[in-house]
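Here the sequence shown stands for residues 0 to 180, where the numbers follow numbering that gives the first Met the number 0. Have a look at the structure below before the remarks.
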Amino acid sequence: MATENVQPFGLGVGNKSVKLAEPNQSWREAYLLEEAAIRSALGDLAVDVQHFGSTSIPEIKAKPIIDIAVGVRRFEDGLACVEPMASIGYVYAGSNIVADDHIFGRDIEGDTRTHLVHVVEHGGQNWRQFILFRDRMRTRPDLAHAYEALKVELAAKYANDRAAYTAAKKDFIQKILAEGD
Numbered sequence: 000m001a002t003e004n005v006q007p008f009g010l011g012v013g014n015k016s017v018k019l020a021e022p023n024q025s026w027r028e029a030y031l032l033e034e035a036a037i038r039s040a041l042g043d044l045a046v047d048v049q050h051f052g053s054t055s056i057p058e059i060k061a062k063p064i065i066d067i068a069v070g071v072r073r074f075e076d077g078l079a080c081v082e083p084m085a086s087i088g089y090v091y092a093g094s095n096i097v098a099d100d101h102i103f104g105r106d107i108e109g110d111t112r113t114h115l116v117h118v119v120e121h122g123g124q125n126w127r128q129f130i131l132f133r134d135r136m137r138t139r140p141d142l143a144h145a146y147e148a149l150k151v152e153l154a155a156k157y158a159n160d161r162a163a164y165t166a167a168k169k170d171f172i173q174k175i176l177a178e179g180d
């Protein structure tokens with residue numbers, strides 16, 4: 000998606016900072032445009048592409064960054080995605096940040112993140128957790144609003160430390176993922 004198409008969707012947060020935005024119904028449209036670009040760039044490498052993360056959960060505040068999961072047949076196939084993803088504006092951050100996860104980011108204006116893509120093994124642990132958490136948040140408004148309240152509290156506490164903000168959400172996320180196991 001071209002840079003000029005990002006602003007109407009209200010996307011973008013400075014790298015390493017945390018800023019939550021009110022829910023925006025256009026985030027779904029932003030995802031769909033990006034999904035089409037990713038599918039076109041990756042072709043058969045992408046088994047599936049899914050919107051996850053808080054922008055995929057209606058009615059809760061979120062960092063205005065579109066999180067996208069791309070499922071590939073084998074984790075190693077993520078390296079074959081580097082060049083095609085670069086052709087549509089993504090920078091490869093590597094596979095050593097999160098286990099079994101090739102991470103790609105798209106920024107505008109140098110340091111404002113708008114999209115984050117996780118290329119993982121389709122059906123693998125990361126894929127299952129991304130989709131399970133998203134689906135539980137979508138079907139359980141009580142959990143979604145509890146998650147939003149936690150995010151608001153943590154965003155105030157860690158406004159300039161995105162890594163600490165993300166780490167502080169881990170216990171809540173793990174609890175939701177463990178429900179029903």
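Where a beta carbon is used, it is the ideal one built from N, C-alpha and C, also for glycine.
From L142, R133, K174, residue whose alpha carbon lies closest to that of T54: Per the Cα distances, R133.
field: Between the CA atoms of K168 and A162 - distance to the nearest angstrom
entry: 10 Å
message: Can you find the residues in the same chain that come closer than 7 Å, C-beta to C-beta, to G13, ignoring five residues on each side of it along the sequence?
response: Within the same chain, and ignoring the five residues on either side of G13 in sequence, the residues whose Cβ sits closer than 7 Å to its Cβ are D110, T111.
query: For S113, does the count of other Cβ atoms within 10 angstroms reach 16, so buried, or fall short, so exposed?
result: The amino acid occupying residue 113 in the given sequence is Thr; Ser does not appear at that position. When all chains shown are included, T113 counts as buried.
- request: Measuring alpha carbon to alpha carbon, tell me which of Q173, G93, L153 ends up nearest A61.
  value: L153
task: Return the CA-CA distance between G52 and G104, expressed in angstroms with no decimal places.
output: 14 Å
task: Under 8 Å by Cβ, that's how I've got Q124 and D99 pegged, so tell me the actual separation to the nearest angstrom.
output: 7 Å
task: Report the option in A177, A166, R137, L176 whose CA atom is closest to the CA atom of E58.
output: R137
- prompt: Skipping 5 residues on each side, what residues in its chain have a beta carbon closer than 6 Å to that of Y30?
  reply: H50, I65
Cβ neighbours of Y89 in the same chain (closer than 7 Å, five flanking residues each side left out): F103, G104, R105, V116
message: So within the stretch 66-108, which uninterrupted alpha helix (DSSP H) runs reach at least 4 residues, ignoring any that extend past its ends?
response: 81-85
P140 burial status per 10 Å Cβ neighbour count (16 or more: buried): Burial call: exposed.
G11 versus E178 - alpha carbon distance: Our two residues, G11 and E178, have alpha carbons roughly 32 Å apart in a direct line.
message: Tell me which residue opens and which closes the alpha helix (DSSP H) that D110 is part of.
response: No alpha helix (DSSP H) holds D110; DSSP gives it neither H nor E.
message: My assumption, with CB atoms under 8 Å, is that E120 sits in contact with R73. Please give the rounded CB distance.
response: 6 Å
- prompt: Can you name the residues that DSSP bridges to D47?
  reply: G70
message: Using the three-state DSSP reduction, which class does A148 fall into: helix, strand or coil?
response: helix
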